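Reviewing the structure listed below.
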Amino acid sequence: MKFAVTVEVRLLPGIADPQGATLERALPALGFDEVAGVRVGKAIRFTISAVDEQTARDRVGELCDLLLANPVMEEVGVTLERVGSVGPTGGKG
Amino acid sequence: MSARVAIVVFPGSNCEHDVALALDGLGADPNFVWHTDVSLRNADAVVLPGGFAHGDYLRPGALARFSPIMKAIGDFAASGGPVLGICNGFQILCEAGLLPGALQKNQRLKFICAPSRVRVDSNHSVITNGIDEGVTLALPINHFDGNYICDARTAADLRETNSIILRYTANPNGSIDDIAGISNLKGNVAGLMPHPERACDPLSGSVDGELLLRALVRAALTEDGIAR
Chain D
1 MKFAVTVEVR LLPGIADPQG ATLERALPAL GFDEVAGVRV GKAIRFTISA
51 VDEQTARDRV GELCDLLLAN PVMEEVGVTL ERVGSVGPTG GKG
Chain G
1001 MSARVAIVVF PGSNCEHDVA LALDGLGADP NFVWHTDVSL RNADAVVLPG
1051 GFAHGDYLRP GALARFSPIM KAIGDFAASG GPVLGICNGF QILCEAGLLP
1101 GALQKNQRLK FICAPSRVRV DSNHSVITNG IDEGVTLALP INHFDGNYIC
1151 DARTAADLRE TNSIILRYTA NPNGSIDDIA GISNLKGNVA GLMPHPERAC
1201 DPLSGSVDGE LLLRALVRAA LTEDGIAR
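Listed in order, the protein sequences are those of chains D and G. Just so you know, this note's numbering puts 27 at position 27 of the first sequence, and the rest follows in order with no gaps. Count along the second sequence starting at 1, add 1000, and that's the number in this note's numbering.
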């Protein structure tokens, strides 16, 4: 099975986020006074092949712990979705 | 006999020649080691220089940590060998778990390139051994991610074990506890954000960096890696 994965890496609350702060400061000049709490993170997309969804989730979790996020400063959110045809010939997936 | 110092070069390192020049001036024998090498070739000490290893992609140090040479550096550190990370090298050592904590973006959201003053608060390390505690040094800083952070327990451990070796006298970047440099428990692995190699010539405005690098050379020639 193949899964499309999006890993969202977010800075933990309290960690300095210069991009988010700069964006937020610029917004009133564009007429968006009502926007607050801007935080900039990263979205990392990839596909993963695994025998089932749980295995895919476990492997993605390992990858996040090992490389994609630094737990001292960051947290992750993972979304995972099966891609490709379920038919025997497979799809474009 | 001169100390053989391996300077680890990653794609994107840019301070390796400054480090080599400074060490050469102190009578050491610097050698460059490429990040894909697997051996430190009988080095007595290792320096991870500043720069932007692997473009700082993902996070500073995140990818450098997986370079083939890091296994040898981990083994060398575990055996008590002197290891120093300067600036980006410090970030790499934190990512690799050879030092605790991490370096986040500067608090005032700016890249800082400026002189700084740091105080030696512990001489129990490879770069501060033999230096009187309380001495202040003039060293340049040059970083965006130099704001040291760790959890409260780690911070308490660092204080209790005299592992905070250098503190800024005027905190430029928001580091907790004014931390400019730390060491591991044993003292043989040290990291700092300021650049001692850029303060080794009177023309650069300070020669205080020589004190730290001389301590590293001294540690390299000591049997157990660190003078106590």
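Glycine included, each C-beta is placed from N, C-alpha and C at the ideal position. This structure is a prediction, so every number in the text was calculated from the model and none was measured.
Chain G contact for residue i (CB, 7 Å cutoff)
i                       : result
isoleucine 48 (chain D) : no
alanine 43 (chain D)    : no
alanine 21 (chain D)    : yes
Distance between residue j and residue i (C-alpha atoms, nearest Å)
i                            : j                            : result
glycine 41 (chain D)         : methionine 1070 (chain G)    : 28 Å
threonine 1154 (chain G)     : proline 1100 (chain G)       : 7 Å
phenylalanine 1090 (chain G) : glycine 1012 (chain G)       : 15 Å
glutamate 8 (chain D)        : leucine 68 (chain D)         : 9 Å
proline 28 (chain D)         : alanine 21 (chain D)         : 12 Å
glycine 1050 (chain G)       : methionine 1 (chain D)       : 43 Å
leucine 1063 (chain G)       : tryptophan 1034 (chain G)    : 15 Å
lysine 92 (chain D)          : phenylalanine 1076 (chain G) : Unreliable positioning characterises lysine 92 (chain D) in this predicted model, as indicated by a pLDDT of 48, which lies under 50. The coordinate reading is nonetheless provided below. Taking the straight line from one Cα to the other gives about 48 Å.
valine 1207 (chain G)        : glycine 37 (chain D)         : 45 Å
leucine 66 (chain D)         : phenylalanine 46 (chain D)   : 16 Å
leucine 1023 (chain G)       : leucine 1213 (chain G)       : 7 Å
Neighbouring residues, chain G, relative to residue i (Cβ below 7 Å)
i                    : result
valine 72 (chain D)  : Gly1101, Ala1102, Ile1149, Cys1150
proline 18 (chain D) : Lys1105, Leu1109
Listed by chain order, chain D residues near residue i by CB distance under 9 Å
i                        : result
glutamate 1095 (chain G) : Asn70
Cutoff 7 Å; reference residue i; Cβ partners in own chain excluding five residues on either side
i                            : result
asparagine 1171 (chain G)    : Asp1178
alanine 56 (chain D)         : Phe3, Ile48, Ala50, Leu80
glutamate 96 (chain D)       : With chain D covering only 1 through 93, there is no way to say anything about residue 96 (chain D).
phenylalanine 1144 (chain G) : Lys1105, Asn1106, Phe1111
Residue-level contact to chain D via CB, residue i, 7 Å cutoff
i                       : result
arginine 1059 (chain G) : yes
proline 1011 (chain G)  : no
Residues that residue i contacts on chain D, provided the C-beta gap is smaller than 8 Å
i                      : result
alanine 1062 (chain G) : Leu67, Asn70
glycine 1174 (chain G) : Ala16
8 Å CB neighbourhood of residue i in its chain, flanking five on each side removed
i                         : result
glutamate 78 (chain D)    : According to the sequence provided, residue 78 (chain D) is valine. The question's glutamate does not apply to it. If we look at valine 78 (chain D) and ignore the five residues flanking it on each side, its Cβ neighbours are Val5, Thr6, Val7, Glu8, Arg57, Val60, Gly61, Cys64.
isoleucine 1073 (chain G) : Val1008, Leu1040, Val1046, Leu1048, Val1083, Ala1096, Leu1098
cysteine 1150 (chain G)   : Pro1100, Gly1101, Ala1102, Leu1158, Ile1176
Any C-beta of chain B under 7 Å from that of residue i
i                         : result
tryptophan 1034 (chain G) : No chain B appears in this structure, whose protein chains are D and G.
- [ ] List in chain order: all unbroken alpha helix (DSSP H) runs of 4+ residues lying wholly within the segment 1150 to 1225 of chain G.
- [x] Inside the segment 1150 to 1225 of chain G, DSSP marks whole alpha helix (DSSP H) runs of 4 or more residues at positions 1152 to 1160, 1209 to 1220, from first to last along the chain.
TODO: Quick one: which unbroken alpha helix (DSSP H) runs of 4-plus residues sit fully inside the segment 9 to 61 of chain D? Chain order, please.
DONE: Runs of the alpha helix (DSSP H) inside the segment 9 to 61 of chain D: 18 to 26.
TODO: Please list the segments of the beta strand (DSSP E) lying wholly inside the segment 1100 to 1147 of chain G, counting only runs of 3 or more residues, in order along the chain.
DONE: If only complete runs of 3 or more residues are kept, the segment 1100 to 1147 of chain G shows the beta strand (DSSP E) at 1102 to 1104, 1112 to 1120, 1136 to 1143, in order along the chain.
Task: beta strand (DSSP E) runs contained entirely in the segment 1045 to 1105 of chain G, provided each spans 3 or more residues - done: Qualifying beta strand (DSSP E) stretches, in chain order: 1045 to 1048, 1083 to 1086, 1102 to 1104.
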